Amino acid sequence: MPPDGPPALAGGTLHLTEGGRYAIASDPDRASIHVVHLTSREELHTIELAPEDEPGRIAEDAAGRVHVVLRRAGEVLSLDPESGDVLERRAVCRAPRGIDYDEGSSELVVACAEGSLVRLPAAGGGVASVLPLEPDLRDVIVRSDGTTLVSVFRSAEVLVVRDGVVASRIRPASMESTGFTPRSWVPTVAWRMREHPDGAILVHQHSASSQLGTLGVPSGVYYGGDCLNGVVRSVVSIVDVESGTARSIPLDGLSLVVDGAYAGGQIYLAAAAEPGNATAGFGITSLTGLRRVSETEATADGICIPVWDQLGEERPVTGVAVTSDGQVVAQYREPGTLAVGAYGSLGSVALAGGSALHFGHSIFHEAAGSGATCASCHPEGGDDGHVWRFDVGARRTQTLRGGILETAPFHWSGDVVDGTRVMEGTFVGRMGGARPHDFEIAAFEEWVDALPALPAPDEERAAAERGRALFDASGCGDCHSGRLGTNNQTVDVGTGGRFNVPSLYELVYRAPYLHDGRAATLEGVVGTHGDTGALTDAQRGDLATYLRTL
Amino acid sequence: MLDDGVGASTVPWNDVDPEASYLPLGLVHGGVQLRLAALPGGTAPQLDGPLVELFGFFDLRYSRWSAWRMRAGIALSYQPHSEQYLGGGELVASSPLALRARVLPISFDMGRWVGLRLGGDVGAQWAPIFGGGMSTSVFGGLTGDLVVLLLDGRLEAGVTGGIQWTAIHRTSRSFPYTYTHAEAVIGLTAAYLVP
C-alpha cells in the first residue's frame, strides 16, 4: 500500500484479454498490476509499481499486448500478459485517464484529464499526436467507424469527436422525481463509460439533486442511493450516438457504481461503497458489491429500478467484466480478490500484496446511514461540479485535494474549524452516519490531507506571466495568498455575503466558480470582486490563463 | 502365619501394592505442563492458533490406594489472534491472551503407563480494542489429556484436546461488546511432576 494510504477510488480497473485467457487487474491500492489465469484461477504475475504510479484503465491491442494507464505517473505501461514482462513505460500526459485501442491505426488513444486526447503507437514509441479538447476528460472509446467518444467526468457529457473536432455533445437529461420533496436531478460524475456489445454506449454516472432544503436540524440529512429522496443517486445512461440522445435509468439503493459489464441481456454493476452502519435514524444502508439488473428493466427513462440481484459479498467491487461464455468476473477491493462467477462460485483468487485497509479511505467511501458517501459529492477527492440549493442560498461543492487541512476553517461559511467538526456536522449530521471513532477521524484527516492536487495543464507562458503580474497588481494576493492561495479568512467581497476565501489551485478542474457557481469560466470570475473591474478583455484572458496554471 | 501383633496392618496381604503401583509415590505433587495446540475450524476473525499454554498445577491423589487424583492449577495461554474490519467502523478482534483456573477432577492412571485427565477451566481473557485498550471477559473451556507415563510417572506426554470459548471484541461506533465463540483445541502436551 502507498505510504499515504490507498488513492481515492476511481474504479474500472479490470480487463479480460481477448480469448478470455487472462484477467488483468489494476490495483492502485497495492501499487501493482495482477495477471490472473482465468482457467487455472491462479495469479501468474504481479507487476509491482512505485507507490505514486496509481494504475488505472486498461486496453489491449491486436497483438495481445496490454496497456495500463498510470494515472499519477503520467505514463502508459505496456506489458506481455503471458510472460508478465513490462515491455515499455511511456510518458503520455500529466493526468492520463481513459485508454482505448484504435484498430484502424494500431494506436492507443489516451484521454487526459488536463484536456487532450493523445495517440501513441501500440507497438511502442513516443506520442504521435495530441488533440486539445477540454479539461476533465475521463473515458475514451474508439469505434470501428473511426468516431471517438470521450466522456467528461463531472458533467457526464459524451463528446463525439470526428476528424479532430467535437462534432456533437450528448448529455444525459435532467430528471424530475416526486417523493418527500419534489426534486430535479442533474447528471454529474461519469465514473465509467463503456460500449455495449450491441453498440450502445453506457455511462455509469451520478445524478445530483438540485434542491436540498434546509441545512439545519433536523432535516439536513443527505440521502444517497435513494431514488426519490436522495441527494445523489446512481444512474446508468444509455447513449445513442447516432441520434445524439440518452435515456437515463436511476438505480435505487446503490452507491458509487464505478464500473459495468454487459452480457446476455444483463447489466452487471460494480458498486464500490464501503458498507456503513445504520444510524439511529432511518437505518438506511446502501447496497454495495456486485449487482445485476436486467436490460429489459432498464427501459423507461427516468423511472427508478430497484437493484436487488446480489451476486457477491457486500463489500466494494472496483471492476467487473464478463467472459465470452457469460461468466462474471469481479474485482474486490479489500481483501484484494478476483471472483469468477456469482459469489465466486467458479473460483476466487486472492491477489498478492496484503491488506489495503485504511480507515481514512474507508470512511471517505463509506455509505453512511443515509447511503451517501463523501465520494458521492467529492469523487476522487475533488468536487462534482454541482451547485446545491440550500435555504441559505446556492453553494458550490468544494474540492478536498491538495492539502485541505492547511485551508481550515472549512465550508463556504468558514464555520467548521477542524476535521472532527466536519465529521460531526457532515458525516453524522447530514449524511446520517454514526460518529466515527477518534482514531478513524484522525486517519480520515490524514488521508484526505494527503490527496494530491491534479496537475495543471500547460498554458502559454507569456500570457501566464502577464496574468501573474495582473494578479499581484490587482491585489488578489491580499486574500489569495500562501501556498494554496488563501489566507483562510472569511470576508465579504461583494459577492453576496461573507465567505471563506477559497483556495486557488486545480482551478481548471473546478468550474463553475464562486460560492454559487455563477461564473462558468475563469474569465467570468475576473471582475466579480477585487480590483479587477477595469481590466480589458485581453487582460482578463491573461489573468485567467495565469489562474489555470495554478 | 506371623502374628506378633506388631505391624500386621502394614503387611501387603494381596499381590497389588497400591502405593507402589501408582507413581509417583505420595499424595501431593506439583508440576508444570506445556500444551501446544491447533485451533481448527475457525473462520475470520478466528483464524487463530497455535495455542501455547503453560499450566502450573498440583496433583492431589484421593488416597494412597487409589488410581484417581485431582489436578488443579493456573494456566496462562497465548494464541496469535486475528482481526477483521467489517466496515462502518465495526472491527472484530479475537483474544490472544488468557489466564484461567483449571480443575481436572477426573484424572486417573490406567495401569502403570497411561493416564487420562479430564476437566474444565474458567478464567479471564483479553481482546484488543481498536484505537487502544483491551477488553476483559470471563470465559471457560473443557480439557482432556491422554498421556503416556514415563520416568516413574514423573513425566507425562501425549495428546490434548478440548473446547474453549474464545472472546471476540467488537469495536463499534454504536454498541461495542464482547462475545465468545467456541473453538476446538487439539494438540500435544507434556507435563513434569515434581516427585
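As given, the protein sequences belong to chains A and B, one line each in that order.
Its first residue numbered 96, the first sequence is counted upward by one per residue in the numbering used here.
Its first residue numbered 7, the second sequence is counted upward by one per residue in the numbering used here.
Backbone N, C-alpha and C define an ideal beta-carbon position, used for all residues, glycine too.
Keep in mind the model is a prediction, meaning the values are calculated, not measured.
Residue i (DSSP reduced to helix, strand or coil)
{"i": "Met-526 (chain A)", "result": "coil"}
{"i": "Met-270 (chain A)", "result": "strand"}
{"i": "Ser-239 (chain A)", "result": "coil"}
{"i": "Trp-403 (chain A)", "result": "coil"}
{"i": "Trp-171 (chain B)", "result": "strand"}
{"i": "Val-334 (chain A)", "result": "strand"}
{"i": "Val-187 (chain A)", "result": "coil"}
{"i": "Leu-155 (chain B)", "result": "strand"}
{"i": "Tyr-641 (chain A)", "result": "helix"}
{"i": "Glu-59 (chain B)", "result": "strand"}
{"i": "Thr-195 (chain B)", "result": "strand"}
{"i": "Tyr-185 (chain B)", "result": "strand"}
{"i": "His-87 (chain B)", "result": "coil"}
{"i": "Cys-207 (chain A)", "result": "strand"}
{"i": "His-162 (chain A)", "result": "strand"}
{"i": "Glu-519 (chain A)", "result": "helix"}
{"i": "Arg-635 (chain A)", "result": "helix"}
{"i": "Asp-567 (chain A)", "result": "helix"}
C-alpha gap between residue i and residue j, whole angstroms
{"i": "Trp-119 (chain B)", "j": "Gly-159 (chain B)", "result": "8 Å"}
{"i": "Thr-383 (chain A)", "j": "Leu-349 (chain A)", "result": "6 Å"}
{"i": "Ala-365 (chain A)", "j": "Gly-528 (chain A)", "result": "23 Å"}
{"i": "Ile-379 (chain A)", "j": "Gly-464 (chain A)", "result": "Reliability fails at Ile-379 (chain A), whose pLDDT of 45 lies under 50, so the model's placement of it is uncertain and the value that follows must be treated cautiously. Each residue's alpha carbon lies about 5 Å from the other."}
{"i": "Gln-300 (chain A)", "j": "Pro-474 (chain A)", "result": "11 Å"}
{"i": "Leu-122 (chain B)", "j": "Gly-95 (chain B)", "result": "47 Å"}
{"i": "His-175 (chain B)", "j": "Arg-152 (chain A)", "result": "40 Å"}
{"i": "Met-288 (chain A)", "j": "Arg-179 (chain B)", "result": "37 Å"}
{"i": "Ala-503 (chain A)", "j": "Ala-537 (chain A)", "result": "15 Å"}
{"i": "Arg-278 (chain A)", "j": "Ala-606 (chain A)", "result": "23 Å"}
{"i": "Leu-630 (chain A)", "j": "Ser-343 (chain A)", "result": "43 Å"}
{"i": "Pro-531 (chain A)", "j": "Ala-196 (chain B)", "result": "47 Å"}
{"i": "Arg-653 (chain A)", "j": "Arg-563 (chain A)", "result": "The structure shown does not extend to residue 653 (chain A), since chain A is modelled only from 96 through 645, so no value can be given for it."}
{"i": "Arg-386 (chain A)", "j": "Ser-135 (chain A)", "result": "25 Å"}
{"i": "Gly-193 (chain B)", "j": "His-187 (chain B)", "result": "19 Å"}
Residue i vs residue j beta-carbon contact at 9 Å
{"i": "Ala-425 (chain A)", "j": "Gly-414 (chain A)", "result": "yes"}
{"i": "Ala-416 (chain A)", "j": "Tyr-427 (chain A)", "result": "no"}
{"i": "Ala-81 (chain B)", "j": "Leu-105 (chain B)", "result": "yes"}
{"i": "Pro-345 (chain A)", "j": "Ile-265 (chain A)", "result": "no"}
{"i": "Ser-246 (chain A)", "j": "Val-235 (chain A)", "result": "yes"}
{"i": "Met-96 (chain A)", "j": "His-624 (chain A)", "result": "no"}
{"i": "Tyr-608 (chain A)", "j": "Thr-616 (chain A)", "result": "yes"}
{"i": "Ile-194 (chain A)", "j": "Ala-208 (chain A)", "result": "no"}
{"i": "Asp-148 (chain A)", "j": "Arg-166 (chain A)", "result": "yes"}
{"i": "Val-388 (chain A)", "j": "Gln-361 (chain A)", "result": "yes"}
{"i": "Thr-647 (chain A)", "j": "His-460 (chain A)", "result": "Since the first residue shown for chain A is 96 and the last is 645, residue 647 (chain A) is missing from the structure and cannot be characterised."}
{"i": "Ala-157 (chain A)", "j": "Ala-118 (chain A)", "result": "no"}
{"i": "Pro-155 (chain B)", "j": "Asp-115 (chain B)", "result": "According to the sequence provided, residue 155 (chain B) is Leu. The question's Pro does not apply to it. Contact flag set, yes."}
{"i": "Val-34 (chain B)", "j": "Phe-61 (chain B)", "result": "no"}
{"i": "Ile-128 (chain A)", "j": "Leu-139 (chain A)", "result": "no"}
{"i": "Ala-43 (chain B)", "j": "Thr-166 (chain B)", "result": "yes"}
Proximity test, Cβ basis, 9 Å: residue i and chain B
{"i": "Leu-452 (chain A)", "result": "yes"}
{"i": "Ala-529 (chain A)", "result": "yes"}
{"i": "Arg-525 (chain A)", "result": "no"}
{"i": "Glu-540 (chain A)", "result": "no"}
{"i": "Glu-429 (chain A)", "result": "yes"}
{"i": "Ile-458 (chain A)", "result": "yes"}
{"i": "Ile-379 (chain A)", "result": "Low per-residue confidence applies at Ile-379 (chain A): pLDDT is 45, beneath 50, and the placement is therefore not dependable, though the value from the model is reported in the following sentence. Cβ-Cβ to chain B under 9 Å: no for Ile-379 (chain A)."}
{"i": "Arg-593 (chain A)", "result": "no"}
{"i": "Arg-125 (chain A)", "result": "no"}
{"i": "Arg-410 (chain A)", "result": "yes"}
Test: residue i CB closer than 9 Å to a CB of chain A
{"i": "Phe-114 (chain B)", "result": "no"}
{"i": "Thr-195 (chain B)", "result": "no"}
{"i": "Gly-93 (chain B)", "result": "yes"}
{"i": "Ser-180 (chain B)", "result": "yes"}
{"i": "Thr-177 (chain B)", "result": "yes"}
Partners in chain B for residue i, counting only beta-carbon separations shorter than 8 Å
{"i": "Phe-534 (chain A)", "result": "Phe-136, Gly-137 and Gly-138"}
{"i": "Pro-370 (chain A)", "result": "Leu-92, Gly-93 and Gly-94"}
Proximal residues of chain B, C-beta to C-beta of residue i below 9 Å
{"i": "Glu-461 (chain A)", "result": "Gly-93, Gly-94 and Gly-95"}
Near the ligand GTP: residue i beta-carbon under 8 Å from a heavy atom
{"i": "Pro-86 (chain B)", "result": "Only the bare structure without any ligand can be found here, which leaves the ligand GTP out of the picture."}
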